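Numbering (full-length UniProt numbering), first residue to last: 1 to 179.
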């Protein structure tokens with residue numbers, strides 16, 4: 001029986017959540033800077049990424065489809081961008097045309113990233129299944145070492161030919177049983 005690697009638990013679950021968080025943070029930070037906002041402080045960006053990762057890891061408890069990934073990524077990106085807008089200063093005011101272009105760019109980037117993350121999700125689940133089929137199974141408990149017992153054959157009524165030969169070569173010594 002092969003090992004079953006489970007992408008919804010442990011390190012693979014954390015990896016899936018962090019992939020979503022880092023791509024969301026990269027998209028919202030880049031979009032914020034390209035739209036005329038100041039480049040956010042690194043500590044602020046890392047803090048927001050950790051917060052998004054915590055939410056993403058908690059949502060990675062089962063395999064998600066492309067719609068769920070798109071919804072999570074889009075929500076994380078909107079929240080992160082709004083927080084960056086509130087916490088940093090813009091260099092200039094954006095016109096409505098610029099806002100529309102920025103929103104369209106964010107939507108296209110989010111759709112593209114959701115597509116990539118959907119394929120990454122499938123790849124992680126496929127890789128886990130393939131590795132689970134190849135890797136040896138781990139024993140759930142360590143083996144118990146008990147003292148070995150000496151095995152003695154049971155005596156039967158029939159004489160063993162080897163016993164007959166040894167009786168002739170090594171006769172009993174002592175007085176006869178009958179007097």
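Backbone N, C-alpha and C define an ideal beta-carbon position, used for all residues, glycine too. Remember, predicted model here, so these are calculated numbers, not experimental data.
Simplified DSSP assignment, three categories, for residue i
i, result
"residue 145", "coil"
"residue 1", "Because residue 1 sits at a pLDDT of 46, beneath the cut-off of 50, its placement in the model cannot be relied upon, and the point is left open."
"residue 43", "helix"
"residue 135", "coil"
"residue 178", "coil"
"residue 7", "coil"
"residue 150", "coil"
Among the options, the one whose alpha carbon lies nearest that of residue i
i, options, result
"residue 73", "103, 23, 54", "23"
"residue 11", "81, 39, 57", "57"
"residue 15", "142, 124, 46", "124"
"residue 18", "42, 102, 48", "48"
"residue 83", "59, 175, 41", "41"
"residue 44", "111, 107, 26", "26"
"residue 64", "144, 162, 114, 100", "114"
"residue 55", "77, 178, 34", "77"
"residue 112", "70, 85, 178, 151", "70"
Check whether residue i and residue j have beta carbons under 7 Å apart
i, j, result
"residue 21", "residue 52", "yes"
"residue 66", "residue 132", "no"
"residue 128", "residue 5", "yes"
"residue 80", "residue 122", "no"
"residue 13", "residue 68", "no"
"residue 8", "residue 62", "yes"
Mind listing, in chain order, the continuous alpha helix (DSSP H) runs of no fewer than 4 residues lying wholly within the region 55 to 122? 66 to 87
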